[in-house]
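S.K.:
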Amino acid sequence: NIMIGAFGEVLVMDWGLARDLSESVKEDARVRTEFATVLESVRNLTNDGAFLGTPGYMAPEQARGEDVDGRADIFAMGAMLSEILTGAPPFGADAYSTLELLARTSDGRVELPAQRDPRVPPELDAIVAKALEPDRAYRYRSMEALVADLKAWLAGLPVSAHRYGPGEQ
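This note's numbering puts the last residue of the sequence shown at 191; the count rises by one with no breaks.
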């Protein structure tokens, strides 16, 4: 659902799950179903209205049918960054059935970029790891914070997600 245009611009093609988080959503109770029922309804594609998200890119809390906030988007961005760096989503979507993928997502079992490709710089791996943190309390608190770390890395500056050892400092 993300494309690169002819001039290098990023185009978001599908906003089907977007909502204003500042408004209360009365439909949350209707949308939430038992996890087993939700798993049976999904077949590799977003099933709008019954399941909120695309397997392999949704946050663990999304996969469990819990309330989500902006940190679910940060998780999705981390999943896209992981795929950009390694060529594969962090849950190995090609290797698992949809039900297995959702179980891995729900449990937060991600593969970080450096686990797949040791050439990934440690700072970038740390940025992705923080964005993909299974416990949303430890994820970036805002997209701006994630972007700030990416900009710092591009500028050759320290990033907040990486713990530098004495030699690196």
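Yeah, the Cβ is synthetic: ideal placement off N, Cα and C, and Gly gets one too.
How long is the line joining the alpha carbons of Thr127 and Glu166, rounded to whole angstroms?
M.R.: 24 Å
S.K.: Any idea what DSSP makes of Met35, helix, strand or coil?
M.R.: Met35 falls in the coil class under three-state DSSP.
S.K.: Would you mind reading off the limits of the alpha helix (DSSP H) that contains Met102?
M.R.: 92-108
S.K.: Run through DSSP, which three-state label would Met80 get?
M.R.: coil
S.K.: Can you tell me which residues form a DSSP beta bridge with Ile26?
M.R.: Val32
S.K.: Can the beta-carbon of Ala101 be found less than 7 Å from the beta-carbon of Tyr79?
M.R.: yes
S.K.: With burial defined as no fewer than 16 other Cβ atoms inside 10 Å of the residue's Cβ, what is the status of Pro140: buried or exposed?
M.R.: exposed
S.K.: Residues in the same chain with beta-carbon distance under 7 Å from Glu155, minus the five sequence neighbours each way, listed in chain order, please.
M.R.: Excluding its 5 nearest sequence neighbours in each direction, Glu155 has C-beta neighbours in its own chain below 7 Å: Arg161, listed in chain order.
S.K.: With a Cβ-Cβ cutoff of 7 Å, do Ile26 and Val34 count as a contact?
M.R.: no
S.K.: Start and end of the alpha helix (DSSP H) containing Val150?
M.R.: 144-153
S.K.: In whole angstroms, what is the alpha-carbon distance linking Pro144 and Leu176?
M.R.: Separation of Pro144 and Leu176 (C-alpha to C-alpha, rounded to the nearest whole angstrom) is 13 Å.
S.K.: Can you tell me where the alpha helix (DSSP H) with Glu133 in it begins and where it stops?
M.R.: Where Glu133 is concerned, there is no enclosing alpha helix (DSSP H), given that its DSSP letter is neither H nor E.
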